Amino acid sequence: MKTRTTGIPFLILGQLLLLMLQPCYRKLAYAAGGSWDLLISNIGISAMHMQLLNNDRVIMYDRTDFGTSNISLPDGKCRNNPNDLALKLDCSAHSVEYDVSTNSVRPLMVQTDVWCSSGSATSDGSLVQTGGFNDGENVVRVFRPCNGNGSTCDWKEIGGGLIQSRWYATNHILPDGRQIIIGGREAFNYEFYPKTASTNNVFNLHFLQQTNDPREENNLYPFVFLNVDGNLFIFANDRAILFNYTTNTVVKTYPQIPGGDPRNYPSTGSAVLLPLKNLQAQIIQAEVLVCGGTPRGSYLNASSGNFLGALNTCSRITITDPNPQWIMETMPLARTMGDMVILPNGNVLIINGAAAGTAGWELGRSPVLSPVIYRPDNPSDSRFEVQNSNTIPRMYHSTSILLRDGRVLVGGSNPHVFYNFTGVLYPTELSLETFSPSYLDSESANSRPQIISPASRHKIKYGQRVNIRFTVPGSVNRDLVKVTMVAPGFNTHSFTMNQRMLVLFNGDVTRVGKSAYKINSIFPNSSNLAPAGYYLLFVVHQDIPSEGIWVRIQ
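Numbering of the sequence shown is given in the numbering used here, commencing with residue 1 and proceeding in unit increments.
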């Protein structure tokens, strides 16, 4: 039976005391909102990796060399893998499919080790996952979603799908639909999937060698975002570049982040591309926000039993500026191993993690149980708002993603080798829960929109105008309505690859019936702005989003 770590009330008390000591100039720092719900206490695995698919099911997996999990493979199946480091014959599953609508899990079969791998959802809605550990380092795995209670879809593995071994790499979908896989341990290069005659190779990326610290490797899982010009913003350790992957050239070198502290694994901060707006403008701005991490040397210190405090800073930069500069901000709670989730209204949720130590086995301390909302459009002194606390520590190998109904799914936490439920500071966590931001409170129901049309899974062309019809139970402030679209990302190790939000260009809101309205929206006109694929579309009224619908842009 699983046990919880004792002393949680003292952790909560400690965080409250920490909040009381924060400077008073952060106007929203003391407010609290949102609610937590436990969905399933035991899904059988620790959700180390997560991806929401367009059938409202979430693919999760941990690693195959943990030993026996808490969920069996179906129909008496067993993995028979002579290369496995824990069990050669293993009849338990290490990947599951979670069905949001039925709150149930289905075991999946993965043969090779997927530990600390990467991935992204492709334009046809499949999850393409790459790399891992041991016999999984060069493997590509594809999961194509299917529907129905008797679903039998499962992983398909492609041995040798990668040229370079990829462990702790980052993936991103490109405007042409290919996937680029960047970096990884001792991999200072990148490659593409699927391969073509001209890309059946690896390409050196000297920037990864420049930012590598051989003792701490603070450039693993680099933060990668597709810029509006089609180039890639790549952040590793404490520096960033704008990179043209078609010519293998650095377009721009950004200033070092102030303070010079590392933000990538194992220091493990997080980052998001803030919502893209004014998509019809001649010049579209793009901003990146990087939050948390640890001081330089924290990994070596933690390995020796000295757990340094995490960073309490965020740094924001407009990557499209001719002379870009980092602007520093102070979070109300220091955090390493936190996840950053873009909410449907454009705010950013910072959730999970620790206040001391680093990522790595048994190297994190002082769980941060309170999420924080960051409002990027607020004045700089009123952007952060602390939310209601959780009771479950979500440490190393925890995850979180946005669901279509606006909740945030939270799982994982396995800060040690194997499935250890007792005898460790923070037991292996097999539960799933959700955090519901305050826009889902009952007090917001009278302002919450509901999309009438188009129907979910509607196909849309680049630059197309679409009338979106919706209802609102109460009165509508037409100036406070917007339409957003979110690309669901692949989350692991505190970074969500391919997470992306666009605020559509919208015409006037007009009334078309009792409590019914329409808004004419123009979709992005370029795959540099929105790579082809499935997105969640929301109508937002007074910062309160509707339930999303799936749209496919192509």
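All C-beta atoms, glycine included, are put in the ideal place defined by N, C-alpha and C.
Keep in mind the model is a prediction, meaning the values are calculated, not measured.
- Looking at the backbone, the Cα of Glu137 and that of Val202 are separated by about 15 Å.
- Put simply, the region 427–439 does not touch the region 480–489. Fewer than three CB pairs are less than 8 Å apart.
- The Cβ atoms of Ala530 and Leu502 lie closer than 7 Å to each other.
- The beta carbon of Ser444 is closer than 8 Å to those of Ser438, Ile544 in its chain, skipping five residues each way along the sequence.
- In this structure, Asn498 sits near Ser120, with a CB-CB distance shorter than 7 Å.
- Taking C-beta atoms under 8 Å as the contact rule, Val128 and Asp56 fail to qualify, at a distance of about 19 Å.
- For Thr253, the number of other beta carbons within 10 angstroms of its own is below 16, and it is reported as exposed.
- Within the model, the alpha-carbon separation for Ile40 versus Asn491 is close to 20 Å.
- Using a C-beta cut-off of 8 Å, the region 390–399 makes contact with the region 407–427, since at least three inter-stretch Cβ pairs fall below that distance.
- In terms of Cα proximity to Tyr534, the closest of Trp326, Arg500, His493 is Arg500.
- An exposed status is given to Gly423, since fewer than 16 other beta-carbon atoms sit within 10 Å of its beta-carbon.
- Between Asn218 and Ser270 the beta-carbon gap is near 14 Å, outside 8 Å, which marks them as no contact.
- In its chain, beyond the 5 residues on either side, Phe192 have a beta carbon closer than 6 Å to the beta carbon of Arg178.
- Trp361 places its beta carbon less than 7 Å from that of Val417.
- Nearest C-alpha to Asp229 among Ile283, Gly184, Phe307: Ile283.
- Here DSSP, grouped into helix, strand and coil, assigns Ser95 to strand.
- Of the other Cβ atoms in all chains shown, 16 or more fall within 10 Å of the Cβ of Arg404; this residue is therefore buried.
- Separation of the CB atoms of Ile180 and Tyr245 is rounded to 6 Å, and the pair is thereby assigned contact status at 8 Å.
- In the three-state reduction of the DSSP assignment, Leu480 falls in the helix class.
- Selection Leu53, Val96, Val110 evaluated against Asn81 yields Val110 as nearest (Cα-Cα).
- Pro473 sits away from His541, with the two beta carbons spaced by 7 Å or more.
- Per the coordinates, the alpha-carbon of Ser453 lies some 20 Å from the alpha-carbon of Ser475.
- Going by DSSP, Ser526 is part of no alpha helix (DSSP H) at all; its letter is neither H nor E.
- Exposed is the label assigned to Asn147, since fewer than 16 other Cβ atoms lie within 10 Å of its Cβ.
- In this structure Asp84 is not in contact with Asp62, their Cβ atoms being roughly 14 Å apart against a cut-off of 8 Å.
- Ser546 is positioned such that its CB atom lies closer than 7 Å to that of Ile451.
- DSSP, reduced to helix, strand and coil, places His49 within a strand of the structure shown.
- The beta carbons of Phe133 and Trp167 sit closer together than 7 Å.
- Taken atom to atom, the span from the alpha-carbon of Ala310 to that of Pro74 is near 42 Å.
- Collapsing the DSSP output to three states places Asn446 in a helix.
- Residue pairing by DSSP puts Ile234 in a beta bridge opposite Val224, Ile241.
- For Gln129, the enclosing beta strand (DSSP E) has its first and last residue at 127–130.
- Taken atom to atom, the span from the alpha-carbon of Leu232 to that of Ala240 is near 10 Å.
- DSSP links Pro545 through a beta bridge to Val540.
- In the DSSP assignment, Gln179 falls within the beta strand (DSSP E) that extends over 179–182.
- Closest in alpha carbon position to Ser366, among Val372, Gly357, Ser165, is Gly357.
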